[in-house]
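Each remark here refers to the structure printed beneath this line.
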Amino acid sequence: QKRLDAALRGALSKKNSRILLTKTITEASKKEIGRVSKRELWLIGVVLYWAEGSKEKEYHPGNGVKFTNSDPLMIKLFLKWLKKICHIDLQELVFEIYLHDNNKHRIAEVREYWKKTTGVSNSSTFRLYFKKDKVSTKRRNVGESYYGILCVRVRRSSTLLRKIAGWTNGIYCGIV
12 QKRLDAALRG ALSKKNSRIL LTKTITEASK KEIGRVSKRE LWLIGVVLYW
62 AEGSKEKEYH PGNGVKFTNS DPLMIKLFLK WLKKICHIDL QELVFEIYLH
112 DNNKHRIAEV REYWKKTTGV SNSSTFRLYF KKDKVSTKRR NVGESYYGIL
162 CVRVRRSSTL LRKIAGWTNG IYCGIV
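First residue of the sequence shown? That's 12 in this note's numbering, and the numbers climb one at a time after it.
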């Protein structure tokens, strides 16, 4: 019992040290960024969309801007980019929540979460889609911290999508 208690104390001490080290590193790294300029925001948003946004395909032209993610900070950054760089108002956006079937009982909570994240006042603005669950899952994004994924769609935005494609191409050509 004494060895077990000592091992548990050692593990707890290591865990606390790791948490403190992580916090210290995170705070120092955050300070390295400083204030983000409008140009930097533009580039960040372009690269973010390049990674997480929908692209126009030859076989399906005329797509619009669609950005899908589950990270609330990434969603907030994308919305800020749309507003400050692309001059898109909230009224021009459609929000779609994709949620696993076994979370139907949490619809109000999930809508409230995305409403607060996006700054949209009307929770009925969010269209809800359910993904059928398999009986057994290896997913780790389950439980009370799971809020599905949010798709932000810009109405009538095929021209903007093509512009973003040009920006991403410009970034790539500018560094190669």
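Where a beta carbon is used, it is the ideal one built from N, C-alpha and C, also for glycine. Here the structure is a predicted model, which is why all the values come from computation and not from measurement.
Compare the beta carbon distance of residue i and residue j with 8 Å and say whether it is the shorter of the two.
| i | j | result |
| --- | --- | --- |
| Lys115 | Phe141 | yes |
| Val105 | Arg173 | no |
| Ile108 | Gly159 | yes |
| Val58 | Ile182 | yes |
| Tyr60 | Ile175 | yes |
| Ser169 | Asn74 | yes |
| Lys77 | Gly64 | yes |
| Leu32 | Ile96 | no |
| Cys184 | Thr79 | no |
| Asp112 | Lys143 | yes |
| Trp92 | Gly56 | yes |
| Leu110 | Leu139 | yes |
Taking the beta strand (DSSP E) that residue i belongs to, which residues open and close that run?
| i | result |
| --- | --- |
| Asn80 | 77-80 |
| Tyr140 | 137-142 |
Give a single yes or no on whether residue i has its beta carbon closer than 7 Å to a heavy atom of the ligand SAH.
| i | result |
| --- | --- |
| Glu67 | Questions concerning the ligand SAH fall outside what the structure shown contains, since it holds no ligand whatsoever. |
Could you tell me the boundaries of the alpha helix (DSSP H) in which residue i lies?
| i | result |
| --- | --- |
| Val2 | There is no way to answer for residue 2, as the model of the chain reaches only from 12 to 187. |
From the DSSP output, in three-state form, read off residue i for me.
| i | result |
| --- | --- |
| Arg20 | helix |
| Lys26 | helix |
| Arg46 | coil |
| Arg164 | strand |
| Lys68 | strand |
| Glu155 | coil |
| Gly130 | coil |
| Asn180 | helix |
| Lys73 | According to the sequence shown, residue 73 is Gly rather than Lys. Gly73: coil per DSSP, three-state reduction. |
Subject >> Continuous beta strand (DSSP E) assignments of at least 3 residues falling wholly in the region 83-114 >> reply: Uninterrupted beta strand (DSSP E) stretches at least 3 residues long and entirely within the region 83-114 occur at 104-111, given in chain order.
Original post:
On the three-pair Cβ rule with 8 Å, is the region 74-87 touching the region 120-131?
Top reply: At 8 Å Cβ cutoff, the stretches touch.
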